[in-house]
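Trainee: As numbered in my numbering, residues 6 to 86 make up the sequence shown, in order.
Think of the CB as a built atom: it goes at the ideal place given N, C-alpha and C, for glycine as much as any other residue.
I have a structure here, written as structure tokens, and I will follow up with some questions on it.
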Amino acid sequence: MQKEESNPCVRCGQERITVKKWSEKVGTSVLKYTLTQCPDAKCQEIVDRNNALREEKRLMHAHKRPPFKRVSLTHLSKPKN
Ligand SMILES: [Zn+2]
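Encoded structure:
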């Protein structure tokens, strides 16, 4: 049994409020989205900014280290048969 998801604000710990709920059809399945935000608008602004900064950093790191670099293409081009 699952009750309404608890989603406290990462900054102030207040229960975030649901702003918007919608679902999107992707192929054969329906994805459900819930947009929540901190009841404190100023706090939410800071959280948003921090998230953007973190995402930027994450992307920078991803560019430095491509995850598929280990795959050897020469190995793939020689089937053993
Ligand atoms: Zn907050």
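Between the alpha carbons of residue 68 and residue 44, how many angstroms are there, rounded?
Mentor: Here residue 68 refers to the residue found at position 63 of the sequence shown. Here residue 44 refers to the residue found at position 39 of the sequence shown. Each residue's alpha carbon lies about 35 Å from the other.
Trainee: According to DSSP, is residue 52 part of a helix, a strand, or is it coil?
Mentor: The residue given as residue 52 occupies position 47 in the sequence shown. Three-state DSSP puts residue 52 in a helix.
Trainee: Which residues mark the beginning and the end of the beta strand (DSSP E) in which residue 165 is found?
Mentor: Beyond the ends of the chain as shown, which are 6 and 86, falls residue 165; an answer cannot be given.
Trainee: Measuring alpha carbon to alpha carbon, tell me which residue in 60, 28, 49 is nearest residue 22.
Mentor: Within the sequence shown, numbered from 1, the residue matching residue 22 stands at position 17. Of the listed residues, the one whose Cα sits closest to residue 22 is 49.
Trainee: Just reading off the beta strand (DSSP E) that residue 11 is part of, what are its end residues?
Mentor: Position 6 of the sequence shown, counted from the first residue, corresponds to residue 11. Where residue 11 is concerned, there is no enclosing beta strand (DSSP E), given that its DSSP letter is neither H nor E.
Trainee: With DSSP as the reference, please indicate the residues paired to residue 47 in a beta bridge.
Mentor: Counting from one through the sequence shown, the residue named residue 47 turns up at place 42. DSSP output for residue 47 lists no bridge partner at all.
Trainee: Could you check which residue in 60, 42, 65, 64 has the C-alpha nearest to that of residue 17?
Mentor: As a first step, residue 17 is located in the sequence shown; it is residue number 12 there, counting from the start. The shortest Cα separation from residue 17 among 60, 42, 65, 64 belongs to 42.
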